[in-house]
Amino acid sequence: MPSQSVTFTGADGQELAGSLELSDGLPHGAALFAHCFTCGRQSLAAVNVTRALAAEGLATLRFDFTGLGGSEGEFGRDGFVGDVADLVAAARFLVERFGGPLLLVGHSLGGSAVLSAVDEIGEGAVAAVATIGAPADVPHVLERIEGDLAAIRRDGDGHVSIAGRPFAVTRKFVEDALRIDLVAEVARLRVPTMFLHSPLDQTVGVENAAELFAAAMHPKSFVSLDNADHLLLSARDAEFAAGMIAAWARHYLPMPQG
Numbered sequence: 001m002p003s004q005s006v007t008f009t010g011a012d013g014q015e016l017a018g019s020l021e022l023s024d025g026l027p028h029g030a031a032l033f034a035h036c037f038t039c040g041r042q043s044l045a046a047v048n049v050t051r052a053l054a055a056e057g058l059a060t061l062r063f064d065f066t067g068l069g070g071s072e073g074e075f076g077r078d079g080f081v082g083d084v085a086d087l088v089a090a091a092r093f094l095v096e097r098f099g100g101p102l103l104l105v106g107h108s109l110g111g112s113a114v115l116s117a118v119d120e121i122g123e124g125a126v127a128a129v130a131t132i133g134a135p136a137d138v139p140h141v142l143e144r145i146e147g148d149l150a151a152i153r154r155d156g157d158g159h160v161s162i163a164g165r166p167f168a169v170t171r172k173f174v175e176d177a178l179r180i181d182l183v184a185e186v187a188r189l190r191v192p193t194m195f196l197h198s199p200l201d202q203t204v205g206v207e208n209a210a211e212l213f214a215a216a217m218h219p220k221s222f223v224s225l226d227n228a229d230h231l232l233l234s235a236r237d238a239e240f241a242a243g244m245i246a247a248w249a250r251h252y253l254p255m256p257q258g
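Residue numbers are given in the UniProt record's numbering: position 140 of the sequence shown equals residue 140, and the series is strictly consecutive.
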């Protein structure tokens with residue numbers, strides 16, 4: 001299946017780098033994938049899930065959030081709110097190319113971001129939302145950061161370590177994460193939702209999916225990913241997740257035009 005390297009403009013004028021996975025035939029819809037915290041579009045989960053969605057007939061875009069991978073800008077300046085703004089820009093890029101509405105898919109914190117982005121993208125432009133291993137509590141991400149967050153809130157910025165990699169983050173990065181009430185946002189959504197989660201997830205417990213599922217309005221679905229790990233490192237697990245998402249989303253996506 002063909003894959004294209006693409007770029008588009010983010011909310012602050014920065015160039016964001018993406019990979020567009022295309023089906024062999026006429027796509028019956030388009031999907032936008034959000035990667036996990038600091039992972040990038042070349043993570044195994046991002047590559048495997050988007051290619052599997054393309055194999056199911058969905059033109060699927062994965063991209064690097066601001067300041068990660070091939071994208072311009074400063075990671076750590078706007079944090080979660082910046083990720084949501086990036087998703088809005090990516091959605092506009094996809095709609096201009098393929099029309100809408102879109103399927104939104106997010107992995108880990110990327111799942112929280114796609115849920116939070118629906119209002120800004122516009123529910124009319126979103127057909128459905130699926131998350132994989134998403135935390136219900138966005139401040140959960142701060143637990144993965146090694147550094148003096150209290151000093152960053154006091155001084156305005158500082159350096160931290162995330163998964164062994166150094167980053168500079170701002171007060172806004174920390175305080176925006178603390179302000180997000182994702183469960184309340186999910187309760188307001190009026191689009192179909194699917195929550196996929198492994199009961200063995202040691203990074204983001206499956207109770208997060210239960211909380212999000214309970215808050216969501218119908219139509220909603222839950223899929224247990226059996227023996228999958230949080231990062232979805234197994235191609236088999238990624239393909240299973242993508243197949244379930246594609247089969248479910250087909251009911252909500254427009255039929256292909258001639």
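The beta carbon of each residue, even a glycine, is placed where N, CA and C say it ideally should be.
- DSSP places I152 in the helix class (H, G or I) of the three-state scheme.
- Close CB contacts of A249 within its chain, under the 6 Å cut and outside five residues either way in sequence, are with L103, A128 (chain order).
- Per DSSP, reduced to three states, the secondary structure at H251 is coil, with no helix or strand assignment.
- Secondary structure at R165: strand, using DSSP grouped into helix, strand and coil.
- In this structure, the CA atom of G73 is about 34 Å from the CA atom of R236.
- With respect to the 8 Å criterion, P135 and V84 are not classified as neighbours on the basis of their beta carbons.
- Each of F8, H230, A216, A130 was checked against the Cα of R97, and the nearest Cα belongs to F8.
- Per DSSP, the continuous beta strand (DSSP E) segment holding F222 begins and ends at 220 to 224.
- CA-CA distance, N227 to A45, rounds to 15 Å.
- Taken in chain order, the complete beta strand (DSSP E) segments of 3 or more residues contained in the region 115 to 141 are 126 to 132.
- Per DSSP, E143 lies in no beta strand (DSSP E) segment and is marked neither H nor E.
- As summarised for the region 3 to 87, the continuous alpha helix (DSSP H) elements at least 4 residues long and confined to that stretch are 44 to 55, given in chain order.
- DSSP places D201 outside both helix and strand once states are collapsed to three, so it counts as coil.
- Less than 8 Å divides the Cβ of A241 from the Cβ of L225.
- By alpha-carbon distance to R190, the top candidate from F167, L231, D201, A216 is A216.
- Between G10 and L16, the CB-CB gap stays under 8 Å.
- When rounded, the separation of the alpha-carbon atoms in K172 and L149 is 11 Å.
- In the DSSP assignment, V174 falls within the alpha helix (DSSP H) that extends over 171 to 179.
- If you draw a straight line from the Cα of E207 to the Cα of R179, it comes to about 21 Å.
- Counted as a single uninterrupted DSSP element, the alpha helix (DSSP H) harbouring V186 occupies residues 182 to 188.
- By the neighbour-count criterion, in which 16 or more other beta carbons inside 10 Å mark a residue as buried, D176 falls on the buried side.
- P166 is classed as exposed because its beta carbon has fewer than 16 other beta carbons within 10 Å across all chains shown.
- Cβ contact annotation for G67 (same chain, cutoff 8 Å, sequence separation greater than five): G73, E74, F75, G76, R77, in chain order.
- By the Cβ-count criterion, G124 is exposed, with fewer than 16 other Cβ atoms from all chains shown falling within 10 Å of its own Cβ.
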